[in-house]
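Protein chains: 2
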Amino acid sequence: MSVHTILLDFSMDPARLGDENGQKTVFNQLETVLKEYVPNLLLTADIKVDGGSLKILTGKKGAIVSVRLFDRGLVTVNIEYYKEDCEDPLISFKSAKILESQMKKYIVALNSQALTPIKRCLFGRYYPTSDERLLEYDIDEVLFDEQSPFQKIKIVHSKSLGNMLVLDDLQNISEADLIYTETLMQRGKENYEGKEIVILGGGDGALLYELLKEKPKYVWMLEIDEVVMKACNKYMKSICGDVLEQRKGPNYEIIVEDCMLTVKRFMQEGRKVDYIFGDLTDIPISDADCGELWEFMINILDAAFKILKTTGKFMTHGNGATSIDSLEMYEQVLMKMEPAVVFHKTKAFVPSFLEDWIFYQISFKGNDVE
Amino acid sequence: MSVHTILLDFSMDPARLGDENGQKTVFNQLETVLKEYVPNLLLTADIKVDGGSLKILTGKKGAIVSVRLFDRGLVTVNIEYYKEDCEDPLISFKSAKILESQMKKYIVALNSQALTPIKRCLFGRYYPTSDERLLEYDIDEVLFDEQSPFQKIKIVHSKSLGNMLVLDDLQNISEADLIYTETLMQRGKENYEGKEIVILGGGDGALLYELLKEKPKYVWMLEIDEVVMKACNKYMKSICGDVLEQRKGPNYEIIVEDCMLTVKRFMQEGRKVDYIFGDLTDIPISDADCGELWEFMINILDAAFKILKTTGKFMTHGNGATSIDSLEMYEQVLMKMEPAVVFHKTKAFVPSFLEDWIFYQISFKGNDVE
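Here you go:
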């Protein structure tokens, strides 16, 4: 079951919507067309609002049509109704487009658009890009849904991407995202053989799985959330193999606690490694209201560099390529670090994000080989 | 200027929305939270509808909140308001997510989601996938907007894709889509040197431009719509170079008329070519209401094969990889053709479609080399 919401927009000469009469005329024209699409349509409320008016029509089976006329020359039409999964839609996308073009002609609009019907159902199909654009995914099933002490964890199935991990309502990694892990680790450009590596986070297991193929000396994966690993071990085997089956292997260990505890222990022991991966929270999108997140990130970065060999590298994901402000803020943070660091950037299109993503490779100044 | 529509969904135990009192209680809880986000909120209409109820609240600056409570256990909240480009949003996506989680807690919902605010402005940012999912593009400008005798032609600018041709409100090709043309022509797998080629359609010029790099003997491009070529020649130079500057070059000709006329002339003259490209309308998504489109496509296919050498190939784009029914119908058409043909398929992710696309390579049975 789901609720379908159909959104239609029209722009027109503001002079035609400037007074009550004008708005009434346009509304009547729209109503004439609407009546052919929604049976038994009746005007139920007519409300004067700041900057325009709102008319509510109700129709068969509880269908509701809201027509909002804005003095400034815009008209929005929202059609909303309940649909059982087995029922045909009252208005398909094809019908919505015909409805839109008929209405456009009737009211002589300058411009118009019909959005594909929005399906508001029991599981989310909609996720944002890094720059807060709306994307509808072809999700047809929720496989896992649990609130851990740290985050909301979902695994959903997408027809085109396979299973997909969703953390706090953000798409995280899917079975189609090998490129994400390979870009993060710069496969083919870095040599991990015989190296010591720390992963901060990485609970989906994909990075650990891919790194172990490169014959490292030892990998410590520091993940706080047991539930993520449980979910991925069950539903994301194609990206993490068997590495999450047990906490320890011949050349790796998964330590389930706040990663800072292990980092501090390494500091006390004077232990330094060749590579550190930052596979934790994304860089905050903007600084507003995100003070804590930025501080958290800077603290981690500072601590991580203290357990990194002078020839070592810190590898991490950045943000969407269109989130320029956020990327710049991150680079400012890097440029202020002590001791000084230099960084390289790599861009890759991540299938489940449906956008280009930026990855950083950071090393101590004077030690960058490239 | 634009109208922002914020959509929030909640699902809950239907028993709690089963009668008027239950719906009132839930609504009051929602109203309490909403009042913190939308100033001066007042209940303006309370409408009993089939299967539930609808409450309309109006707030400061003409903001409207519609709360729809469905007996079946769903609640939808739509917030709509007018925003000048220079104004801050009344409710950002971040605020919407906080609002959603507060409301979810208050009404003890089972599930909830907040969509990124929908921006309903003078130019469309929203386009569908082949399986009618909604995608919001990072479009910030309309460069060209004209209705030709054949179609509605727009060129818009996307921050991540560059300029993008939009025909009848469907994304067609962008400056980031070289892979589309290269997959269509199977660059590196087919040898066009010294070959005679017909392009059916191809008004954006990209295919002609790329083919000419391969030193063909002669290319006839048969495009009906002069306006598409005018627009692309001005705004899509990076994909079509100078090929649309004039109608004739040393080894090509653009014939501006219904492509069937030239195909018939070739038939009468007994002229046959090595390659034909179908770069016209997409395969219809379903057969419902699309009889004419299918018939058009079959006629073209039939005629094209009559001017193709027995060793020749017909190359065309199919549909989105998730539109399985439509692809199957197309293959059924191919399988019934006389003389018999065989086909190969290639899949490529097309950046501006944000989905995998299927391309067909068709040849006469007994003459497929692979």
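Here the protein sequences come in this chain order: A and B.
So the first sequence is numbered by our numbering: it starts at 1 and just counts up by one.
So the second sequence is numbered by our numbering: it starts at 1001 and just counts up by one.
C-beta: ideal position from N, C-alpha, C; glycine also.
Contact under 8 Å by Cβ, residue i with residue j
i, j, result
"B:Asn1163", "B:Ile1153", "no"
"A:Leu90", "A:Ala109", "no"
"B:Pro1351", "B:Ser1174", "yes"
"B:Thr1116", "B:Leu1354", "no"
"B:Phe1277", "B:Gly1205", "no"
"B:Leu1200", "B:Cys1259", "yes"
"B:Ile1254", "B:Thr1262", "no"
"A:Arg125", "A:Thr5", "no"
"A:Lys195", "A:Tyr275", "yes"
"B:Asn1251", "B:Val1219", "yes"
"B:Val1273", "B:Ile1307", "yes"
"A:Gly22", "A:Leu41", "no"
"B:Leu1211", "B:Ile1197", "yes"
"A:Leu170", "B:Leu1134", "no"
"A:Ala231", "A:Phe144", "yes"
"B:Phe1296", "B:Met1337", "no"
"A:Val26", "A:Val65", "no"
"B:Leu1208", "B:Met1221", "yes"
"A:Leu167", "A:Gln151", "yes"
Segment limits, beta strand (DSSP E) that includes residue i
i, result
"A:Ser95", "First-last for A:Ser95: 93–107, but that is the alpha helix (DSSP H), not the beta strand (DSSP E)."
"B:Val1065", "1064–1070"
"B:Cys1121", "1118–1121"
"A:Glu146", "139–147"
"A:Thr58", "52–58"
"B:Val1075", "1074–1083"
"A:Asp274", "273–279"
Helix, strand or coil at residue i [DSSP, three-state]
i, result
"B:Lys1195", "coil"
"A:Ala206", "helix"
"B:Glu964", "This structure cannot settle anything about residue 964 of chain B, because the visible part of chain B is limited to 1001 through 1370."
"A:Glu226", "helix"
"B:Lys1189", "coil"
"A:Asp302", "helix"
"A:Phe353", "coil"
"B:Ala1340", "coil"
"B:Pro1014", "helix"
"A:Asn163", "strand"
"A:Gln113", "strand"
"B:Thr1310", "strand"
"B:Gln1268", "helix"
"B:Val1003", "strand"
"A:Ala231", "helix"
"A:Glu132", "coil"
"A:Val263", "helix"
"B:Lys1061", "helix"
"A:Leu244", "coil"
"B:Leu1008", "strand"
Contacting residues, own chain, Cβ-Cβ under 6 Å from residue i (five flanking each side not counted)
i, result
"A:Ala114", "Leu8, Ala96, Lys97, Glu100"
"B:Lys1104", "Ser1112"
"B:Ile1179", "Ala1348"
"A:Gln29", "Tyr106, Ile107"
"B:Arg1271", "none"
Cβ shell of residue i (< 8 Å), same chain only, five flanking positions each side left out
i, result
"B:Ala1045", "Leu1054, Lys1055, Ile1056"
"B:Phe1070", "Leu1017, Gly1051, Gly1052, Thr1076"
"A:Glu193", "Glu214, Lys215, Pro216"
"A:Glu328", "none"
Spatial neighbours of residue i in its chain, beta-carbon cut-off 7 Å, leaving aside the 5 residues before and after
i, result
"A:Glu20", "none"
"B:Asp1131", "Gly1320, Thr1322, Ser1323"
"A:Ser11", "Gly73, Leu74, Ala109, Leu110, Asn111"
"A:Phe364", "Thr310, Pro339, Val341"
"B:Glu1245", "Asn1233"
"B:Val1227", "Glu1146, Ser1148, Ile1153"
"A:Phe123", "Ile139, Val142, Val156"
"A:Tyr137", "Arg125, Tyr127, Ser158"
Boundaries (first-last residue) of the alpha helix (DSSP H) holding residue i
i, result
"B:Gln1023", "1020–1034"
"A:Asp325", "324–335"
"B:Val1256", "No alpha helix (DSSP H) contains B:Val1256, which DSSP labels as neither H nor E."
"A:Ser158", "It is not in any alpha helix (DSSP H) - A:Ser158 instead sits in the beta strand (DSSP E) that spans 152–158."
"B:Lys1376", "Absent from the structure is residue 1376 of chain B, since the part of chain B shown begins at 1001 and ends at 1370."
Check: If we count Cβ pairs, one from each stretch, closer than 8 Å, do we get three or more for the region 1352–1362 of chain B versus the region 1309–1316 of chain B?
Finding: yes
Notebook entry, point to check: Is the region 260–268 of chain A touching the region 178–190 of chain A in the sense that three or more CB pairs, one from each, lie closer than 8 Å?
Noted result: no
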